[in-house]
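According to the working numbering, the sequence shown is numbered sequentially starting from 61.
Notes follow once the structure below has been shown.
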Amino acid sequence: IRSPKHKALAEEYAGLRKRFVEDAIKPITALMAEGKWKEASPLYAQTARVRYEEAAGKAGDILKFLEESARKENEDADARYQSTRLMVGAVIAISMLFSIVFGILLIRRIVGPLEQTGTISQGIAGGNYRNQVDLTDDTEVGRVLQGLQMMQLRLGFDINEARRVADETTRVKIALDNV
């Protein structure tokens, strides 16, 4: 019993059923047990049928009420299902969009510094030791760029020192050759 209306219908049915049993079934059964078939027959025709029809009508009302309640519950459940389905679809779509945007940003965050690393390495290999390096990134790729910057500075100093020594050695050799 789920509602006051259902409870009222059930109580009415219980009362009608009790009247059917008390006013018809028990007296008819008692008369039949005593063998008084002729007295039981009109009681059946007059009282039992009427009381049965009353109780059966109320049982039909309860059945209609339960069918209507079940239909409403089914409609409510279907509406909740549709709403939940739309919500889940929206969450999935938003999650996919967020994942795509996050993936693109992540790729750019990684690929940009890696491309800079390649450009600097090619510059160093070509003899350019004055490449601009972005040292603001404190990630693994940023540390690689910092290492490239230090290597570039060190190679620049070493090559300049080697040139200076070579120039000085050449001057000394020329001076000794001219003596």
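C-beta: ideal position from N, C-alpha, C; glycine also.
Am I right that residue i and residue j are in contact with their C-beta atoms under 8 Å? What's the rounded C-beta distance?
i	j	result
L205	T177	6 Å
I88	L103	6 Å
Do residue j and residue i have their beta-carbon atoms positioned less than 8 Å apart in this structure?
i	j	result
A100	L91	yes
A84	R111	yes
D61	A74	According to the sequence displayed, residue 61 carries Ile and not Asp. Their beta carbons are not under 8 Å apart, which means I61 does not touch A74 by this criterion.
Work out the CA separation of residue j and residue i for me, nearest whole Å.
i	j	result
L213	M156	45 Å
K86	E135	44 Å
L126	E72	15 Å
A137	F162	36 Å
S181	V171	15 Å
P173	Y189	18 Å
N191	E175	13 Å
V193	I219	20 Å
I184	F217	13 Å
I122	E128	10 Å
E228	M210	27 Å
A119	R140	31 Å
R169	S159	15 Å
W97	E133	50 Å
A93	R131	46 Å
V239	R231	12 Å
V154	L146	A small fix is needed here, since residue 154 is Ile in this sequence, not Val. In a straight line, the C-alpha of I154 is about 12 Å away from that of L146.
I167	V148	28 Å
A226	L236	15 Å
Open item on the list: Check whether the region 106–117 and the region 63–82 are in contact - that is, three or more C-beta pairs closer than 8 Å.
Closed with: yes
TODO: Give, in chain order, every unbroken run of the alpha helix (DSSP H) that is at least 4 residues long and sits entirely within the region 96–137.
DONE: 97–103
- [ ] For the region 139–201, list the alpha helix (DSSP H) runs that are entirely contained and at least 4 residues long, ordered along the chain.
- [x] none
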